[in-house]
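*Asks:* Position 155 of the sequence shown, counted from 1, bears residue number 155 in the UniProt record's numbering, the numbering being contiguous throughout.
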Amino acid sequence: MSVQGGWTDKMKISELKMKMSSAVRNWRGQLSKHVQSNWRRLLGEFKRKYLKARTSESERYYTMHQKSNESAMEFFYRLNEAAVKAGIRYKKGKKDSAHHTKRFIKNLRDQQLKAILHNTRFHNLDDLEYVLQQDEDLGLDGGYDTPPHRTRDFRADNIQGSRKIN
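1. Where do the N-terminal and C-terminal ends of the alpha helix (DSSP H) with M20 fall, by residue?
2. Rounded C-beta distance between L125 and S97? I'm assuming under 8 Å.
3. Could you name each continuous beta strand (DSSP E) segment of 3 residues or more that falls completely within the region 23 to 78, going from the start of the chain to the end?
4. For K85, I'd like the list of residues in its chain whose CB is within less than 7 Å of its CB, leaving aside the five on either flank, ordered along the chain.
5. Just to confirm the assignment, what range does the alpha helix (DSSP H) spanning K92 have?
6. Go ahead and pull the three-state DSSP assignment for L125.
7. Which of helix, strand or coil does DSSP assign to G139?
8. Report back the beta-carbon spacing between L42 and M64 to the nearest angstrom; my notes put them in contact at under 8 Å.
9. Name the two residues that bound the continuous alpha helix (DSSP H) containing L117.
10. Let me check understanding here. Comparing Cα to Cα, which of I88, E45, Q134 lies closest to R60?
11. From R12 to T55, what does the alpha carbon distance come to, in whole angstroms?
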């Protein structure tokens, strides 16, 4: 609303102050006056203090698992992003790339895909990404190259019953 209404920095600061808990107000009171009176500085300090991750980036990377509503490709991209934030150079070194690939495969939920990937040797991460894309493409259309077999409607076989047989 502050963006839509075009509030001044002073209004933003006073609105934030009214919505703060007493502990946060006490924290704000300890900040220097030039930080308390400047919206950008106050917002930066607030984010640094209260919105930072509780775990380190490397801990997040090493404990990451695939979410239940996430495709293997989405998990791969999320794991790659976490590796970058953790400072893991998975694109540069073969050893880091191999560890990154193993970590990805180990934390997959799809056991069939996990078994396939575990027994496949990847020369680089582009190869792994290609296989994941193929798997995702198969999953989108149900995995069929031909339409699924339809059950026969046996009512069509009962035409003789209504005719006279001579």
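Don't be surprised by glycine CBs; every beta carbon is placed ideally from N, CA and C.
*Replies:* Answer, in terms of the structure:
1. In the DSSP assignment, M20 falls outside any alpha helix (DSSP H) and carries neither an H nor an E.
2. The C-beta separation of L125 from S97 comes to about 6 Å, placing the pair in contact by the 8 Å criterion.
3. Residue ranges of uninterrupted beta strand (DSSP E) with 3 or more members are absent from the region 23 to 78; none lies entirely inside it.
4. If we look at K85 and ignore the five residues flanking it on each side, its Cβ neighbours are E57.
5. Here K92 belongs to no alpha helix (DSSP H), and DSSP marks it neither H nor E.
6. L125 falls in the helix class under three-state DSSP.
7. Three-state result, G139: helix.
8. Separation of the CB atoms of L42 and M64 is rounded to 33 Å, and the pair is thereby denied contact status at 8 Å.
9. Residues 111 to 118.
10. Answer by Cα proximity: I88.
11. It should be pointed out that residue 12 corresponds to Lys in this sequence rather than to Arg. The straight-line gap separating the alpha-carbon atoms of K12 and T55 is approximately 30 Å.
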